[in-house]
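Numbering (my numbering), first residue to last: 35 to 285. The beta carbon of each residue, even a glycine, is placed where N, CA and C say it ideally should be. Okay, so here's the structure we're looking at.
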Amino acid sequence: ERRDIILYYQPQIAVATGKVTGLEALARWHHAERGWVPPAEFIPVAERMGLIKPLTAHLIELALTQSHAWEKAAIAVPLAVNVSMRNLLDPRFPQMLEDSMATTGVDPGRIKLEITESAVMAEPARVLETMHRLRSGGVRFSIDDFGTGYSSLAYLQRLPVEEIKIDRSFVAGLTKDEGSAAIVRATIELAANLGLEVVAEGVEDEATLQILKRLGCSTAQGYHISRPLPVEEVAGWIRDRSAGTADRPAA
(Lines of atoms letter the chains of each structure in order from A; the text may use other names.)
(Lines give C-alpha, C1' and ligand atoms only; values in the text may rest on other atoms or scores of the structure.)
Protein backbone atom coordinates (compact mmCIF):
# COMPACT_ATOMS: atom_id res chain seq x y z
CA GLU A 35 0.00 0.00 0.00
CA ARG A 36 1.42 3.37 -0.99
CA ARG A 37 0.03 5.01 2.14
CA ASP A 38 2.35 2.77 4.18
CA ILE A 39 5.39 4.27 2.45
CA ILE A 40 6.26 7.60 4.01
CA LEU A 41 9.12 10.08 3.87
CA TYR A 42 11.75 10.79 6.45
CA TYR A 43 14.08 13.76 6.00
CA GLN A 44 17.83 13.78 6.64
CA PRO A 45 19.45 17.20 7.15
CA GLN A 46 22.54 18.41 5.34
CA ILE A 47 24.87 21.05 6.78
CA ALA A 48 27.61 23.36 5.55
CA VAL A 49 30.87 21.80 6.73
CA ALA A 50 32.49 25.17 7.41
CA THR A 51 29.70 26.74 9.48
CA GLY A 52 27.40 23.94 10.62
CA LYS A 53 24.36 25.72 9.18
CA VAL A 54 21.53 23.72 7.63
CA THR A 55 21.73 23.79 3.83
CA GLY A 56 19.10 21.25 2.81
CA LEU A 57 17.16 18.06 3.41
CA GLU A 58 17.07 14.75 1.58
CA ALA A 59 13.71 12.97 1.39
CA LEU A 60 14.11 9.25 2.09
CA ALA A 61 11.38 6.66 1.61
CA ARG A 62 10.44 4.42 4.52
CA TRP A 63 7.96 1.53 4.40
CA HIS A 64 6.17 0.30 7.49
CA HIS A 65 4.86 -3.18 6.71
CA ALA A 66 1.95 -4.44 8.83
CA GLU A 67 3.73 -7.71 9.60
CA ARG A 68 7.44 -7.11 8.97
CA GLY A 69 7.69 -3.67 10.53
CA TRP A 70 10.12 -1.20 8.94
CA VAL A 71 11.44 -2.43 5.60
CA PRO A 72 14.59 -0.67 4.32
CA PRO A 73 14.55 1.06 0.91
CA ALA A 74 17.34 -1.25 -0.28
CA GLU A 75 14.75 -4.04 -0.15
CA PHE A 76 11.53 -2.49 -1.42
CA ILE A 77 12.83 -0.08 -4.08
CA PRO A 78 14.36 -2.87 -6.24
CA VAL A 79 11.13 -4.86 -5.86
CA ALA A 80 9.12 -1.84 -7.02
CA GLU A 81 11.48 -1.53 -10.00
CA ARG A 82 11.05 -5.18 -10.99
CA MET A 83 7.26 -5.07 -10.62
CA GLY A 84 6.92 -1.92 -12.69
CA LEU A 85 5.64 0.09 -9.72
CA ILE A 86 8.48 2.57 -9.42
CA LYS A 87 6.81 5.23 -11.58
CA PRO A 88 3.57 5.54 -9.54
CA LEU A 89 5.57 5.17 -6.32
CA THR A 90 7.90 7.99 -7.29
CA ALA A 91 4.96 10.18 -8.30
CA HIS A 92 3.36 9.55 -4.90
CA LEU A 93 6.58 10.33 -3.00
CA ILE A 94 7.26 13.46 -5.03
CA GLU A 95 3.78 14.75 -4.27
CA LEU A 96 4.37 14.10 -0.55
CA ALA A 97 7.76 15.82 -0.65
CA LEU A 98 6.56 18.87 -2.57
CA THR A 99 3.49 19.31 -0.37
CA GLN A 100 5.68 19.20 2.73
CA SER A 101 8.27 21.53 1.22
CA HIS A 102 5.57 24.11 0.55
CA ALA A 103 4.26 23.77 4.11
CA TRP A 104 7.75 24.39 5.50
CA GLU A 105 8.20 27.36 3.20
CA LYS A 106 5.00 28.93 4.54
CA ALA A 107 6.35 28.33 8.06
CA ALA A 108 9.53 30.27 7.17
CA ILE A 109 11.62 27.09 6.91
CA ALA A 110 12.74 27.41 3.33
CA VAL A 111 15.54 24.90 2.74
CA PRO A 112 16.26 23.04 -0.50
CA LEU A 113 14.81 19.53 -0.70
CA ALA A 114 16.53 16.64 -2.49
CA VAL A 115 14.44 13.81 -3.94
CA ASN A 116 15.81 10.59 -5.42
CA VAL A 117 14.64 9.55 -8.88
CA SER A 118 15.38 6.34 -10.75
CA MET A 119 16.54 5.50 -14.25
CA ARG A 120 12.97 4.50 -15.15
CA ASN A 121 11.75 7.94 -14.13
CA LEU A 122 14.36 9.69 -16.25
CA LEU A 123 13.47 7.55 -19.27
CA ASP A 124 9.72 8.06 -18.83
CA PRO A 125 8.61 10.74 -21.34
CA ARG A 126 5.77 11.70 -18.98
CA PHE A 127 8.02 12.30 -15.98
CA PRO A 128 9.01 15.94 -16.67
CA GLN A 129 5.38 17.00 -17.11
CA MET A 130 4.34 15.09 -13.99
CA LEU A 131 6.98 16.88 -11.94
CA GLU A 132 6.14 20.27 -13.42
CA ASP A 133 2.44 19.72 -12.72
CA SER A 134 3.19 18.68 -9.12
CA MET A 135 5.29 21.79 -8.53
CA ALA A 136 2.57 23.99 -9.98
CA THR A 137 -0.16 22.31 -7.91
CA THR A 138 1.76 22.51 -4.63
CA GLY A 139 3.16 25.98 -5.27
CA VAL A 140 6.76 24.93 -4.70
CA ASP A 141 9.59 27.05 -6.08
CA PRO A 142 11.38 24.75 -8.58
CA GLY A 143 14.69 26.24 -7.45
CA ARG A 144 14.23 24.58 -4.07
CA ILE A 145 13.94 21.11 -5.59
CA LYS A 146 16.99 18.98 -6.31
CA LEU A 147 16.73 15.63 -8.06
CA GLU A 148 19.35 13.07 -7.06
CA ILE A 149 20.31 10.61 -9.77
CA THR A 150 22.99 7.94 -9.79
CA GLU A 151 25.87 7.67 -12.23
CA SER A 152 24.48 4.40 -13.58
CA ALA A 153 21.09 6.03 -14.24
CA VAL A 154 22.76 8.83 -16.17
CA MET A 155 24.74 6.40 -18.32
CA ALA A 156 21.78 4.08 -19.10
CA GLU A 157 20.62 6.04 -22.15
CA PRO A 158 22.65 9.26 -22.11
CA ALA A 159 20.85 11.12 -24.89
CA ARG A 160 17.35 10.63 -23.44
CA VAL A 161 18.46 11.30 -19.88
CA LEU A 162 20.26 14.47 -20.92
CA GLU A 163 17.15 15.70 -22.75
CA THR A 164 15.02 15.19 -19.62
CA MET A 165 17.59 16.89 -17.41
CA HIS A 166 17.89 19.93 -19.67
CA ARG A 167 14.12 20.36 -19.83
CA LEU A 168 13.74 20.30 -16.05
CA ARG A 169 16.84 22.41 -15.47
CA SER A 170 15.46 25.10 -17.78
CA GLY A 171 12.44 25.27 -15.45
CA GLY A 172 14.62 25.79 -12.39
CA VAL A 173 14.97 22.25 -11.02
CA ARG A 174 18.49 21.38 -9.89
CA PHE A 175 20.39 18.09 -10.16
CA SER A 176 22.85 16.14 -8.04
CA ILE A 177 24.86 13.04 -8.98
CA ASP A 178 24.40 10.53 -6.15
CA ASP A 179 26.90 7.82 -5.11
CA PHE A 180 29.63 9.50 -7.14
CA GLY A 181 32.67 7.31 -7.62
CA THR A 182 30.79 4.01 -7.79
CA GLY A 183 29.68 4.28 -11.41
CA TYR A 184 31.50 4.59 -14.70
CA SER A 185 30.69 8.05 -16.02
CA SER A 186 33.57 9.82 -17.71
CA LEU A 187 34.83 13.26 -16.78
CA ALA A 188 33.97 14.48 -20.28
CA TYR A 189 30.37 13.34 -19.90
CA LEU A 190 30.08 14.78 -16.40
CA GLN A 191 30.97 18.18 -17.82
CA ARG A 192 28.01 17.96 -20.23
CA LEU A 193 25.45 17.36 -17.50
CA PRO A 194 23.41 20.25 -16.07
CA VAL A 195 24.37 19.33 -12.51
CA GLU A 196 25.58 21.56 -9.72
CA GLU A 197 26.47 18.97 -7.10
CA ILE A 198 28.05 15.57 -6.66
CA LYS A 199 27.60 13.32 -3.62
CA ILE A 200 30.56 11.21 -2.54
CA ASP A 201 29.44 7.68 -1.80
CA ARG A 202 29.40 6.70 1.86
CA SER A 203 31.75 3.78 1.22
CA PHE A 204 34.58 6.25 0.56
CA VAL A 205 33.60 8.64 3.35
CA ALA A 206 33.53 5.78 5.88
CA GLY A 207 37.17 4.98 5.14
CA LEU A 208 38.49 8.52 5.53
CA THR A 209 39.96 7.99 9.00
CA LYS A 210 41.55 4.60 8.33
CA ASP A 211 42.07 4.00 4.63
CA GLU A 212 44.47 6.12 2.60
CA GLY A 213 42.90 4.86 -0.61
CA SER A 214 39.48 6.20 0.37
CA ALA A 215 41.04 9.45 1.53
CA ALA A 216 42.77 9.86 -1.83
CA ILE A 217 39.50 9.29 -3.70
CA VAL A 218 37.64 11.82 -1.54
CA ARG A 219 40.43 14.37 -1.91
CA ALA A 220 40.54 13.95 -5.68
CA THR A 221 36.75 14.19 -5.96
CA ILE A 222 36.66 17.45 -4.00
CA GLU A 223 39.42 18.89 -6.19
CA LEU A 224 37.63 17.74 -9.35
CA ALA A 225 34.39 19.33 -8.20
CA ALA A 226 36.14 22.60 -7.41
CA ASN A 227 37.65 22.68 -10.90
CA LEU A 228 34.21 22.09 -12.42
CA GLY A 229 32.46 24.61 -10.17
CA LEU A 230 30.39 21.93 -8.42
CA GLU A 231 29.35 21.59 -4.80
CA VAL A 232 30.27 18.40 -2.94
CA VAL A 233 28.15 16.51 -0.40
CA ALA A 234 29.83 13.82 1.70
CA GLU A 235 27.34 11.08 2.59
CA GLY A 236 27.57 8.81 5.61
CA VAL A 237 29.43 11.12 8.01
CA GLU A 238 29.36 9.07 11.21
CA ASP A 239 31.81 10.85 13.55
CA GLU A 240 33.51 14.15 14.34
CA ALA A 241 36.91 12.96 13.11
CA THR A 242 35.50 12.37 9.64
CA LEU A 243 33.78 15.76 9.65
CA GLN A 244 37.04 17.50 10.57
CA ILE A 245 38.93 15.75 7.77
CA LEU A 246 36.24 16.84 5.31
CA LYS A 247 36.59 20.39 6.57
CA ARG A 248 40.35 20.33 5.98
CA LEU A 249 39.82 18.94 2.48
CA GLY A 250 37.41 21.73 1.60
CA CYS A 251 34.23 19.67 1.31
CA SER A 252 31.22 21.99 1.18
CA THR A 253 28.39 19.89 2.63
CA ALA A 254 27.98 16.88 4.92
CA GLN A 255 25.19 14.44 5.68
CA GLY A 256 25.07 11.46 8.03
CA TYR A 257 24.16 10.14 11.46
CA HIS A 258 26.82 12.28 13.17
CA ILE A 259 24.79 15.28 12.05
CA SER A 260 21.31 13.77 12.27
CA ARG A 261 19.50 10.53 11.60
CA PRO A 262 16.66 10.74 9.07
CA LEU A 263 13.82 12.51 10.88
CA PRO A 264 10.06 11.96 10.77
CA VAL A 265 8.29 14.98 9.36
CA GLU A 266 7.03 16.18 12.74
CA GLU A 267 10.59 16.53 14.08
CA VAL A 268 12.16 18.42 11.18
CA ALA A 269 11.09 21.99 11.93
CA GLY A 270 12.20 21.78 15.56
CA TRP A 271 15.55 20.26 14.61
CA ILE A 272 16.25 23.00 12.08
CA ARG A 273 15.29 25.76 14.51
CA ASP A 274 17.45 24.25 17.26
CA ARG A 275 20.37 23.84 14.87
CA SER A 276 20.01 27.39 13.56
CA ALA A 277 19.97 28.77 17.09
CA GLY A 278 23.06 26.76 17.97
CA THR A 279 25.05 27.95 14.94
CA ALA A 280 23.87 31.57 14.82
CA ASP A 281 26.88 32.87 16.73
CA ARG A 282 29.37 30.19 15.67
CA PRO A 283 32.28 31.65 13.67
CA ALA A 284 33.01 30.17 10.29
CA ALA A 285 35.93 27.76 10.25
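To which residues does DSSP link residue i through a beta bridge?
i: residue 136; result: In the DSSP output, where bridge partners are listed per residue, residue 136 has none listed.
i: residue 113; result: 57, 145
i: residue 64; result: 70
i: residue 176; result: 148, 197
i: residue 254; result: 47, 234
Would you mind reading off the limits of the beta strand (DSSP E) that contains residue i?
i: residue 97; result: Premise fails: residue 97 lies in the alpha helix (DSSP H), 86-106, not in any beta strand (DSSP E).
i: residue 75; result: Careful: residue 75 lies outside any beta strand (DSSP E), inside the alpha helix (DSSP H) at 73-82.
i: residue 205; result: Counting along the chain, residue 205 falls outside any beta strand (DSSP E), though it belongs to the alpha helix (DSSP H) covering 202-205.
i: residue 233; result: 231-234
Output the boundary residues of the alpha helix (DSSP H) element that contains residue i.
i: residue 247; result: 240-249
i: residue 222; result: 212-228
In the structure shown, what three-state DSSP assignment does residue i receive?
i: residue 69; result: strand
i: residue 196; result: coil
i: residue 123; result: helix
i: residue 263; result: strand
i: residue 208; result: coil
i: residue 118; result: coil
i: residue 269; result: helix
i: residue 276; result: helix
i: residue 191; result: helix
Could you name each continuous beta strand (DSSP E) segment of 3 residues or more that falls completely within the segment 36-62, going from the start of the chain to the end? 39-48
At 3 residues or longer, and completely inside the segment 142-171: list those beta strand (DSSP E) runs for me, N to C. 145-150
Does the segment 83-92 come into contact with the segment 243-252, if we say contact requires no fewer than three beta-carbon pairs (one atom in each stretch) closer than 8 Å? no
Using 8 Å as the cut-off, can you tell me whether the segment 143-154 makes contact with the segment 106-116, which would need three or more C-beta pairs spanning the two stretches below that distance? Verdict: yes, contact present.
Cβ contact check for the segment 263-281 and the segment 212-227: 3 or more pairs under 8 Å: no
Any contact between the segment 90-103 and the segment 40-57? By contact I mean 3 or more CB pairs, one from each, below 8 Å. yes
Is the segment 122-135 in contact with the segment 162-173, if contact means three or more CB pairs nearer than 8 Å? yes
Report yes or no: do three or more beta-carbon pairs, one from the segment 168-175 and one from the segment 200-213, lie closer than 8 Å? Between the segment 168-175 and the segment 200-213, the count of Cβ pairs shorter than 8 Å is below three; the stretches do not touch.
With three or more C-beta pairs closer than 8 Å as the rule, is the segment 100-110 touching the segment 132-141? They touch, by the three-pair rule.
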